[in-house]
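J.: If you read the protein sequences in the order shown, they are chains A and B. Under my numbering, think of the first position of the first sequence as 1100, with each following residue one higher. Under my numbering, think of the first position of the second sequence as 14, with each following residue one higher. Just dropping this structure here.
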Amino acid sequence: APPGLGLVYRELNCDDPETEEAAQVAMDYVNAHLLQGYKHILNQIDKVKVWPRRPTGELFELELDTLETICHVLDPTPVANCTVRQLTEHAVEGDCDFRLLKLDGQFAVLFANCDSSPDSAEDVRKVCPDCPLLAPLNDTRVVHAVEAALAAFNAQSNGSYYQIVEVSRAQLAPLPPSTYVEFAVAATDCVAKEVTDPAKCNLLAEKQYGFCKATLTEKFGGEDVAVTCTVFQTQPVVPQPQPDGNNVAVPPLAVDPAAPQPAPANLPAAVRVVGPLV
Amino acid sequence: VVVGLAPTGPAGPVVRPCPGRIRHFKI
Chain A
1100 APPGLGLVYR ELNCDDPETE EAAQVAMDYV NAHLLQGYKH ILNQIDKVKV WPRRPTGELF
1160 ELELDTLETI CHVLDPTPVA NCTVRQLTEH AVEGDCDFRL LKLDGQFAVL FANCDSSPDS
1220 AEDVRKVCPD CPLLAPLNDT RVVHAVEAAL AAFNAQSNGS YYQIVEVSRA QLAPLPPSTY
1280 VEFAVAATDC VAKEVTDPAK CNLLAEKQYG FCKATLTEKF GGEDVAVTCT VFQTQPVVPQ
1340 PQPDGNNVAV PPLAVDPAAP QPAPANLPAA VRVVGPLV
Chain B
14 VVVGLAPTGP AGPVVRPCPG RIRHFKI
């Protein structure tokens, strides 16, 4: 290439409508490809560079700050209707890098990489000294709370036996000693009232996911469990993923559009919410 | 002939192209 040609990027305002349009396409892409955790919403556009692309088009480099919402990725609620997780609930932010190609006025995501991290304990304490912080998901009290809550939910279920899909977040409170958990579930081919060996139950071909919030409170001589689950509309049967080794239970947050995507059967498509059941 | 700097008025608001506005809150 001749020196000095084609190597200059266009500096665009971060709040320019064109930048915001690119950012929105990027956010839609992230939320459509997340397979775990919660949907994220745009908080701030950090940087934007627009490079000329030969023979035609432009390449947008974007850095975005996002915030976690309270909608699980399996929840079909449009992200625009999802509430941002508040600081007092121990907010989680995302730091994303994108490259998008703009051709004929249309954006296409070429690269996306997001890392999420919870707010610091100090910051949470500043706004709410007594608020419980996020707890490790493998904490024994968290695991126990999820198991007890799922058992309580299944005991009340007149239909399918539900399996755990993912523990999404947990908080431990000292007074009264209690554990708050949020987790995703999926219906199996077993009947809840007749299950003897849950390991033999299989997820339905037509996936039916749910999302549960539960609190286990320790008390003298026992414990109380309160659980509420929202069951979403069934997901249509779609082809299974290719045997490329990418079909893992816990997908990476980094998303490479050039690589084959993990099981699309796990992605939400429905828009109607059924429930809550309990 | 008096040579000097032209008087400067109050500076206008500085427009910073990036980062953009915060939509919710900053962590």
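C-beta: ideal position from N, C-alpha, C; glycine also. Nothing here was measured: the structure is a model prediction, and the numbers come from that model.
1. So, helix, strand or coil for residue 1285/A, using DSSP?
2. Determine whether the Cβ of residue 1107/A lies closer than 7 angstroms to any Cβ atom of chain B.
3. Assuming residue 1285/A and residue 1262/A form a contact by the criterion Cβ under 8 angstroms, report the distance between their Cβ atoms to the nearest whole angstrom.
4. Along chain B, which residues have their Cβ under 8 angstroms away from the Cβ of residue 1147/A?
5. Measuring alpha carbon to alpha carbon, tell me which of 1139/A, 1114/A, 1157/A and 1301/A ends up nearest residue 1207/A.
6. In the DSSP output, what is residue 1210/A paired with across the bridge?
7. Who are the Cβ neighbours of residue 1279/A in its own chain at under 6 angstroms, not counting the five residues just before and after it?
8. Please report the straight-line C-alpha distance between residue 1189/A and residue 1166/A, rounded to a whole angstrom.
9. Which partner residues of residue 1183/A appear in the DSSP bridge assignment?
10. Would you mind working out which of 1179/A, 1108/A, 1153/A and 1149/A sits nearest residue 1142/A, comparing C-alpha positions?
11. Quick one: measure Cβ to Cβ for residue 1310/A and residue 1171/A, integer angstroms, because I've assumed they're closer than 8 angstroms.
12. By alpha-carbon positions, which one of 1298/A, 1137/A and 1112/A ends up nearest to residue 34/B?
13. For residue 1122/A and residue 1299/A, I'd like the C-alpha separation in whole angstroms.
14. In angstroms with no decimal places, state the Cα-to-Cα distance between residue 1295/A and residue 1259/A.
15. Do residue 1241/A and residue 1234/A come within 7 angstroms of each other at the CB atom, strictly closer than that value?
16. Pick helix, strand or coil for residue 1130/A, following the three-state DSSP scheme.
17. Please decide whether residue 1192/A counts as near chain B, where near means a Cβ-Cβ distance under 7 angstroms.
18. Taking C-beta pairs closer than 8 angstroms, name the residues in chain B that residue 1157/A reaches, listed in chain order.
19. With a threshold of 7 angstroms between beta-carbons, can residue 1183/A be considered close to chain B, or not?
T.: So, from the listed chains and residues:
1. The count along the first sequence starts at 1 and reaches residue 1285/A at position 186. In the structure shown, residue 1285/A sits in a strand (DSSP, three-state: E or B).
2. To locate residue 1107/A, count along the first sequence from 1; it is residue 8. Answer no: the Cβ-Cβ gap between residue 1107/A and chain B never drops below 7 angstroms.
3. For the purposes of this step, residue 1285/A is identified with residue 186 of the first sequence, where counting begins at 1. For the purposes of this step, residue 1262/A is identified with residue 163 of the first sequence, where counting begins at 1. Right, their Cβ atoms sit about 6 angstroms apart.
4. Within the first sequence, numbered from 1, the residue matching residue 1147/A stands at position 48. The contacting residues are 31.
5. Stepping through the first sequence from its first residue, residue 1207/A is reached at position 108. Comparing Cα positions, the closest option is 1157/A.
6. For the purposes of this step, residue 1210/A is taken as residue 111 along the first sequence, with counting starting at 1. Partner(s): 1198/A.
7. The sequence position of residue 1279/A within the first sequence is 180, counting from 1. 1270 and 1314, listed in sequence order.
8. For the purposes of this step, residue 1189/A is identified with residue 90 of the first sequence, where counting begins at 1. For the purposes of this step, residue 1166/A is identified with residue 67 of the first sequence, where counting begins at 1. C-alpha separation (whole angstroms): 11 angstroms.
9. Indexing the first sequence from 1 puts residue 1183/A at position 84. According to DSSP, residue 1183/A bridges with 1168/A.
10. By one-based count along the first sequence, residue 1142/A stands at place 43. Nearest C-alpha to residue 1142/A: 1179/A.
11. On the first sequence, residue 1310/A is found 211 positions in, with the first residue counted as 1. On the first sequence, residue 1171/A is found 72 positions in, with the first residue counted as 1. About 5 angstroms separates the two Cβ atoms, so the contact holds.
12. Taking the first residue of the second sequence as position 1, residue 34/B is located at position 21. The option with the nearest alpha carbon to residue 34/B is 1112/A.
13. For this step, residue 1122/A is matched to residue 23 along the first sequence. For this step, residue 1299/A is matched to residue 200 along the first sequence. If you draw a straight line from the Cα of residue 1122/A to the Cα of residue 1299/A, it comes to about 44 angstroms.
14. Along the first sequence, read from residue 1 onward, the residue named residue 1295/A stands at position 196. Along the first sequence, read from residue 1 onward, the residue named residue 1259/A stands at position 160. Cα to Cα, residue 1295/A sits roughly 13 angstroms from residue 1259/A.
15. Numbered from its first residue, the first sequence carries residue 1234/A at position 135. Numbered from its first residue, the first sequence carries residue 1241/A at position 142. Yes.
16. Against the first sequence, residue 1130/A aligns to sequence position 31. Residue state, collapsed to three classes: helix.
17. For the purposes of this step, residue 1192/A is taken as residue 93 along the first sequence, with counting starting at 1. The beta-carbon of residue 1192/A is placed less than 7 angstroms from the nearest beta-carbon of chain B.
18. The count along the first sequence starts at 1 and reaches residue 1157/A at position 58. By Cβ distance, chain B contributes nothing, its closest Cβ being about 17 angstroms from residue 1157/A, past 8 angstroms.
19. Sequence index remark: in the first sequence, residue 1183/A carries index 84 (1-based). Residue 1183/A counts as touching chain B.
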